[in-house]
Each structure stands twice: as C-alpha cells, then as structure tokens.
Amino acid sequence: MSWWISDPGRGLSERLKVSRLEQAADWLHNVRWRLDSLRLLLDFDIVEGESRWRLVMHYPDFFPSIPPLVFNGDGERLSGHQYGLSGELCLEYRPDNWQLDWTGAMMIESARRLLVGESAELSGQGVLSAHVVSEGQRLRGTYLRLVIPEEPLRLIQAMDDGQVEPIEIDEHYYGEAAVAHLTALGPDGARIWHRSKPVSRAANYKGAAIRVPRGLKFPGPITVKSLEIALKAAGVTTDYPESPPANYLLVDDTTAWLAMVYRKADGGVQDYGYSTFVVDADQQRLPTANAALADKRIGLIGCGSLGSRIAATLVRSGAQKLELFDDDILSPGNLVRNELDWRGVGVHKAKALRARLLEIAPDAKVTVQIVNLGGQESSEWTATALETLANCDLIIDATADATVFGLASAAARFKSRPMVWGEVFGGGIGGIIARSRPDHDPSPDVARRQILKWCEDKGVEWEVPSRQLEYGVMRADQPPLIADDADVSVMAGHLARLAIDTLRGGGSQFPAPAYAVGLREGWIFAAPFDTHPISYTGNEGWDAGSSPDEVKLKELVTLLFPRQAEDADHTA
Numbered sequence: 001m002s003w004w005i006s007d008p009g010r011g012l013s014e015r016l017k018v019s020r021l022e023q024a025a026d027w028l029h030n031v032r033w034r035l036d037s038l039r040l041l042l043d044f045d046i047v048e049g050e051s052r053w054r055l056v057m058h059y060p061d062f063f064p065s066i067p068p069l070v071f072n073g074d075g076e077r078l079s080g081h082q083y084g085l086s087g088e089l090c091l092e093y094r095p096d097n098w099q100l101d102w103t104g105a106m107m108i109e110s111a112r113r114l115l116v117g118e119s120a121e122l123s124g125q126g127v128l129s130a131h132v133v134s135e136g137q138r139l140r141g142t143y144l145r146l147v148i149p150e151e152p153l154r155l156i157q158a159m160d161d162g163q164v165e166p167i168e169i170d171e172h173y174y175g176e177a178a179v180a181h182l183t184a185l186g187p188d189g190a191r192i193w194h195r196s197k198p199v200s201r202a203a204n205y206k207g208a209a210i211r212v213p214r215g216l217k218f219p220g221p222i223t224v225k226s227l228e229i230a231l232k233a234a235g236v237t238t239d240y241p242e243s244p245p246a247n248y249l250l251v252d253d254t255t256a257w258l259a260m261v262y263r264k265a266d267g268g269v270q271d272y273g274y275s276t277f278v279v280d281a282d283q284q285r286l287p288t289a290n291a292a293l294a295d296k297r298i299g300l301i302g303c304g305s306l307g308s309r310i311a312a313t314l315v316r317s318g319a320q321k322l323e324l325f326d327d328d329i330l331s332p333g334n335l336v337r338n339e340l341d342w343r344g345v346g347v348h349k350a351k352a353l354r355a356r357l358l359e360i361a362p363d364a365k366v367t368v369q370i371v372n373l374g375g376q377e378s379s380e381w382t383a384t385a386l387e388t389l390a391n392c393d394l395i396i397d398a399t400a401d402a403t404v405f406g407l408a409s410a411a412a413r414f415k416s417r418p419m420v421w422g423e424v425f426g427g428g429i430g431g432i433i434a435r436s437r438p439d440h441d442p443s444p445d446v447a448r449r450q451i452l453k454w455c456e457d458k459g460v461e462w463e464v465p466s467r468q469l470e471y472g473v474m475r476a477d478q479p480p481l482i483a484d485d486a487d488v489s490v491m492a493g494h495l496a497r498l499a500i501d502t503l504r505g506g507g508s509q510f511p512a513p514a515y516a517v518g519l520r521e522g523w524i525f526a527a528p529f530d531t532h533p534i535s536y537t538g539n540e541g542w543d544a545g546s547s548p549d550e551v552k553l554k555e556l557v558t559l560l561f562p563r564q565a566e567d568a569d570h571t572a
C-alpha cells in the first residue's frame, strides 16, 4: 500500500509544507501534484533570473523512511551532482543522512541551492561535493577492469619520464566483468616485480608499462587521441597491430590506465580502456600469530564435505603447504556440502580441491596422493602415504573412518606428530572435534578410546543409530545420516580453529583437548550450541614400541646381516 494511503496525515503535512514554500518563495513556480500508478509525484519549476529548471519529485513507496527523489523533468543532465545522464540529483539530503521528520519542501530548497550554486551565470563558484563514492559504486557500470597492486604502481610511478618497461597481463571473465591483473613488470630474467598467476585459466597478454611524463595531464578514461598523445610524449610508436591487441599500462602520479588497442580491417583503431582498481596486496587481515602457519606442512586425509572446508579455511588463514589424501570422485550429490562446485564433478576430490585452494592462494604448495587409505590399496602406496603424513607438522583426519584413523594415528606416533580429527553427526545434531599433542595428551588412539568411554558414560541413548560414535561402518540396511552444509560448516570451522591453535604453538586458547558440540537439541545436547568439553587422562601411548629390547635387537641384526655384524665386532 502506498505511504500516502496508509498515512494520509503525513500526506496532508507534505502538501501543506510545499504550499507554504510556494507562497513564500518567488522562485518556485508551476507546482502540480499528480499520480503515476498510485505513486505520488510533484512537478515544479525553479526560476532564477534568466534560468529556468523544470523538475519532478518522486515520493517513493518507502517514504518517509527514505527521501523523495528529484529529477530533471526533461530527462537530461543538469548538474555534476547527478546520478547518470538522466538520473536523480544528488542533494544535501540523502538516504545516509535522512531523518523521518524532514520533508519534500526541504528537497525542493536543496535542489535550488544546487542548481543556482552550479550556474556560472548566477554564482560562478560551484558546489562542493559531500558525496563519497565507494569503489563498488564507481565500478558498477564498468565491464573492463584492471586490478593493480600498490607496489608495482609505486615502482612505475618512480620511473623516469617516458620510461618503458615490459609487462604481463592476465585477463579472465568472471561475475559479468573482464578483469585484468598485472602479473609481471620488467623483462624476462630481470623482473622488477612479479606475482603468481592469480587465475589458472586466465589469458596472458604482453605489453608495455609507460611512465607518463610528469606534468602531462592524462585524465581517464583512455581514448585513442589521449593515448596517442601520451605515447608520443614517451617516444612510443603508435603503429598498432591487427591482432592480438597492443597493451599499454600508462601510469602518472596518481593512478594507472590500461589500454588494449588494435587496428581493424578497415584501417580504423579500436581501443579498450580499463577502469583501474588499486589494491593493497600486503594488507594485513590475519592475526600476527598466523604467520607461523606458512612454514607448517599439513597432512589432510579426506577431501569430502568436512575436509574440503577445513582445507579452504586453513589456506585463507595463512597455511601454504598442504598434503591431500583421498581417492574419491566428486559427484553431484556431494555439492550440497562440499567446498567444490560443478566444475569438479567427475574429478578426483583431492585434485579438484587443490585447484580450488590455488584459486584462493596462488602461492600455496599443495600436493595430492590419490590413495584409498584403509581400503584395498597397494601396500607401497599406503606406506608412502603414511611416510608423508609422518613428516607433516600436523595430521588432520576428516574421514570419521576407524581404519583410516588407526593408520593416521600410527603415522602420528611414528614421529610424534600432533593430530586433530573431527566428525559431523548425522541429522545435524552436532559433532565432535578433538586433538592429540605429544607431551600434552595421550596418543590419538588412546585419546579416541577415552572419548568413546566419555560418550558411553553419559548414559544417554541416542535414538539415531550412530556410526560416528562407534567409528564403525554403517550397514547397508541403515538409512544415510544427513547433515546439511550449515552443520558441516560449523564443525569444519571449529576443527580448523583447533588445527590453527595447534600449529601456532605456545599457549592454547582451548582449555580442553576435545569438545562435543551440539547444533540442536538431542542426545546429550540440551539446546543448539550446547558444548561439552572432554578431558583426557595421562599422556601415554606415544612411545609404544619405541624402546626395543637391545639384546634381542642385536641378535636379530646378527642373524639377518651376519657379515656386517662380524665386521662391526672386529672394528670395535
């Protein structure tokens, strides 16, 4: 329902205020109210000297929560303070400062101040802008965009007038925009600056960065004429090729412009000017302590719903070295919970996840082993996988599979590596996250038994058969246990935080090594977000089998390698 129908009192007040202004102001003429599909409009003229402006004010349906809109009645540009060629005037009263008791009459007065202030014949002083345009507003009407970090921009700005350096540009199409990234500055083998390819499938173009001579005014956007002026001042030929286009990155004291130019078949010149988006590539948005993650090697078993989200969070948090273990193929059904999308369907999850992680952090070092840990797999491949895991700084098991857990635990014990693991309970009821650290906690296998005992001691039967609590394999006649993306994301976030805390070292923010986290009422959880810390006892299990009987070991070596043993005795 229109505001003036639901609140006729406010409508009468608006009419009265405009009527009083009309009587008091000799510059306000031809005031006329009208309707356009129940939307209330007001036509009026502002007259000052020889100048006349015909305007129309629209009262939006959400008035008085937002201000009326004032347009040129002829649909033309009247002011530099205007949204587009025929858009509304940008006045003193806007959605960001509007108050409910302000009126349309105030908008009329504001429009007069703007138009008179901008009229050279009437004032010649102009009107200062109070409008702050965000980058999103500035670029929302542009299709071609150049992303350039501050560092190479400063390097080019510091070059001599007219200096030219080779560049490389990577361009891709995404989100209804053609986005170009500067990826290299300087010749091959003598780079002044470079960065990793941000988008693996982007097209690569070579070109030239030119330091616009100081004092040369070169406002954007680029045109063929302005480009030729800048190139001539820099001593660069304008003999444009037919294809592919010549690429020129022109930089002055303030910003940069990218121009792609080529000669058409008819001999004319086609130019494409890019809007520039300068970014601070070194902006620090992570906790200082996360710097420790970059040098840590992380082994992640399971690239399904839980593992894929953990991996993405870790990379976003500063991790740079990941080893992924999984042999499964991504299917359409996995998309309801996985970090991956349709591009990965039919691909091994681990390889698709590696591609996804490199999209987030192109400098990351991600390796993949397609191996079915715990399944019918080559013993050599299994041994290689376990050896890799044992050399990681942290092992993460995101499979909730008992056999896999046992192998991961063995790898953790082999070189005393910390391990974290977790699982999401079916039905969205919650989940468990846990860790085991040498010198702090019992080994993972011992800790797991203590967690199972803790669950049993609750004495509360869970009505849904739980493969997770038993770490077993669900029978074929049991229905699948369903959890949605929100459930998985919550548990993945908690597990990633536990992993990050472990990798940082030092004092921990987690007083307990394991937690049962509820996402809805059920089992031991009284309400959503009901969290139960789980404590361990002791820290045994890490040295199991690592203190051999020296007498028997010597006997075994002598029997296996008698010649070497004899030589060793003679040497001694």
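In UniProt numbering, the protein residues as written are 1 to 572. Glycine included, each C-beta is placed from N, C-alpha and C at the ideal position.
| Query | Result |
| --- | --- |
| If you follow the alpha helix (DSSP H) that L324 is part of, which residue opens it and which one closes it? | Per DSSP, L324 belongs to no alpha helix (DSSP H); it is in the beta strand (DSSP E), K321 to F325. |
| Just checking, does the region 278-295 make contact with the region 495-507 on the three C-beta pairs under 8 Å criterion? | yes |
| Within the continuous beta strand (DSSP E) that includes residue 590, where are the two ends? | This structure leaves residue 590 out entirely; the chain is present only between 1 and 572. |
| Taking DSSP's pairing of strands, which residues face M491 in a bridge? | DSSP output for M491 lists no bridge partner at all. |
| Taking just the CA atoms, how far does L335 sit from E470? | Its pLDDT being 40, under 50, E470 is placed unreliably by the model, and nothing is read from it. |
| Is the distance from the Cβ of D43 to the Cβ of R52 below 8 Å? | no |
| Take N372 and list the residues in its own chain whose beta-carbon comes closer than 6 Å to its own, dropping the five residues that flank it on each side. | D327 |
| With a threshold of 8 Å, are at least 3 pairs of Cβ atoms found where one atom belongs to the region 376-392 and the other to the region 346-358? | no |
| Can you look up K264 in the DSSP assignment and give me helix, strand or coil? | coil |
| Hey, is the region 250-259 in contact with the region 138-154, meaning 3+ C-beta pairs nearer than 8 Å? | yes |
| Quick check on N72: buried or exposed, where buried means 16 or more other Cβ atoms within 10 Å of its Cβ? | buried |
| By the 10 Å Cβ neighbour count, where 16 or more other Cβ atoms means buried, how is V420 classified, buried or exposed? | buried |
| Nearest to E242 by CA position, among M260, L231 and V236, is which residue? | M260 |
| To which residues does DSSP link W421 through a beta bridge? | D397 and A434 |
| How many whole angstroms separate the CB atoms of P442 and G541, which I take to be in contact at a CB cut-off of 8 Å? | 5 Å |
| Excluding the five sequence neighbours on either side, which residues of its own chain have a C-beta within less than 7 Å of the C-beta of A177, listed in chain order? | Y143 and R145 |
| Less than 8 Å between C-beta atoms, sequence neighbours within five positions excluded: which residues of the same chain meet that for S123? | In this prediction, S123 scores a pLDDT of 47, lower than 50, which makes its location untrustworthy; no coordinate-derived value is stated. |
| Can you give me the C-alpha to C-alpha distance between D485 and E168, rounded to a whole angstrom? | 40 Å |
| For Q270, list the residues DSSP reports as bridge partners. | Y262 |
| Could you tell me the alpha carbon to alpha carbon distance between S37 and V133, rounded to whole angstroms? | 32 Å |
| Any chance you could list the beta strand (DSSP E) runs of at least 3 consecutive residues sitting entirely within the UniProt domain "THIF-type NAD/FAD binding fold" (292-426), in chain order? | 297-301, 321-325, 365-369, 394-397 and 419-425 |
| Indicate the three-state DSSP secondary structure (helix, strand or coil) for D501 in the structure shown. | helix |
| Could you check whether M159 and R211 sit closer than 8 Å to each other, using their CB atoms as the reference points? | yes |
| Using CA atoms only, rank isn't needed, just tell me which of Q82, P511, L353 and R520 is closest to T313. | L353 |
| So I451 packs on I432, CB below 8 Å; how close in whole Å? | 7 Å |
| Using the Cα positions of I229 and R77, report the straight-line distance between them to the nearest angstrom. | 30 Å |
| According to DSSP, simplified to helix, strand and coil, what is E171? | strand |
| Thinking just about the alpha-carbon of each residue, which of R32, F62 and D61 is nearest to the one in L55? | R32 |
| Determine the closest residue to W98 out of F62, G84 and D74, with distance taken between C-alpha atoms. | F62 |
| What is the DSSP secondary structure of G215, counted as helix, strand or coil? | coil |
| Starting from L231, trace the alpha helix (DSSP H) both ways and give me its first and last residue. | V224 to A233 |
| When burial is assigned at 16 or more other CB atoms within 10 Å of the CB, is S331 buried or exposed? | exposed |
| By the three-class DSSP mapping on this structure, what secondary structure does L153 have? | helix |
| To the nearest angstrom, report how far apart V473 and V424 are at their CA atoms. | Confidence at V473 is low in this model, with a pLDDT of 37, below 50, so the placement of that residue should be treated as unreliable; the coordinate-derived value is given next. Each residue's alpha carbon lies about 15 Å from the other. |
| Can you tell me whether D161 is buried or exposed, with buried defined as 16 or more other CB within 10 angstroms of its CB? | exposed |
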